[in-house]
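In full-length UniProt numbering, the protein residues as written are 1 to 294. Single-structure report; data block below.
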Amino acid sequence: MPIDEEMSFDDAKLEKKRLKEEKKKLKQEQKEQRKAAKARAREIADQEEELVDGEAAGSGSVFLVTFIIVLIWVAILCLIIKLDFGGFGSNVLTPILKDVPVLSMILPSTADSGVLGEDEEEGYGGYTSIEEAVDYIKELELELERAQSAQSDKTDEVDELKAEVERLKTFEDSQVEFQRIKTEFYEEVVYADKGPGIEEYKKYYEEMDPATAEYLYRQVVTQSAESSEIEEYAKTYSSMKPKAVAAILEEMTDNLELAIRILGAMDADSRAKILEAMDPEIAARITKMMDPEP
């Protein structure tokens, strides 16, 4: 073998090794990015759940404050009747409610002279005066306004978190679309029945300008090497039990593209049995990425 050819062969081996290292580094970076995106989505979901729980608690407090306000107004009305302001209790309600059980207890009690007895003058339902009760009602109304304002702020934050979740969902959909386009290219151009095949593409790339040829040739060589490895994986997994293979592929959620390529290299029967044994959610994601709707 001539020295130049031997050196060219060694250079090709070194180039192939370098390409494998670059591919490994790229996959590691993609894996870290996906992990970061998942962690962020999980953090957002936890925050959203906490906010929803806080919103429910806020609604409960608003109901309680409203109930207390209504109760205080009822108490004030009872005091007005009991103290007979303007003769409302004795002249208006006494003829109507004097024979009604329980309700008759709020009617004013009068002595022979028509003046209130001492027992009825000793309190205002826990308050020293009606003015004090009214002031407390105003405080409760202010507290209710603050609670409603806080609830509105939480609602805005929930909306922001939902928008962030939608943004991450768009990122995931973009990955699926990229996989679909790449698969269509390989199937319709490189691997088509009447296509030129990988070897012809390699020759074509060698005739191009050096920079472009280097990039494209690297992609083709890498794809060729990966295809051989994928076929070996497919043969190995095809000889195993579908349930065992499904368990292995389910652990590859951070690299579903590799799982899809392995399944794609299997025959339809083996692939169907493995997908049937997998977790339904993961199997659905893989199916969508293998043959996404345009």
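For each residue, glycine too, the CB sits at the ideal point set by N, CA and C.
If we count the other Cβ atoms within 10 Å of its Cβ and call it buried at 16 or more, is R271 buried or exposed?
buried
For V100, count neighbouring Cβ atoms within 10 angstroms of its own Cβ and tell me buried if that reaches 16, exposed if not.
exposed
Distance between A283 and E22 (C-alpha atoms, nearest Å)
30 angstroms
Assuming K98 is part of the alpha helix (DSSP H), what are its boundary residues?
First-last for K98: undefined, no H or E at that position.
Would you check if the distance between the CB atom of A265 and the CB atom of L249 is smaller than 8 angstroms?
no
Whose C-alpha, out of V165, F63, L263 and A133, is nearest the C-alpha of V74?
A133
Along the alpha helix (DSSP H) that carries S270, what are the first and last residues, could you check?
A268 to A277
Compute the Euclidean distance between the alpha carbons of residue 318 and T94, then round it to the nearest angstrom.
An answer regarding residue 318 cannot be provided, because it is not within the stretch 1 to 294 covered by the chain.
Quick one: is V245 buried, meaning 16 or more other Cβ sit within 10 Å of its Cβ, or exposed?
buried
Over what stretch of residues does the alpha helix (DSSP H) that includes M290 continue unbroken?
P280 to M290
Buried or exposed: which applies to D84, given that a residue is buried once 16 or more other Cβ atoms fall within 10 Å of its Cβ?
buried
Measuring straight from C-alpha to C-alpha, what distance separates D119 and P108?
For D119, the predicted structure reports a pLDDT of 44, less than 50, and the residue's modelled location is therefore unreliable. A value from the coordinates is still provided. Distance between the alpha carbons of D119 and P108: 11 angstroms.
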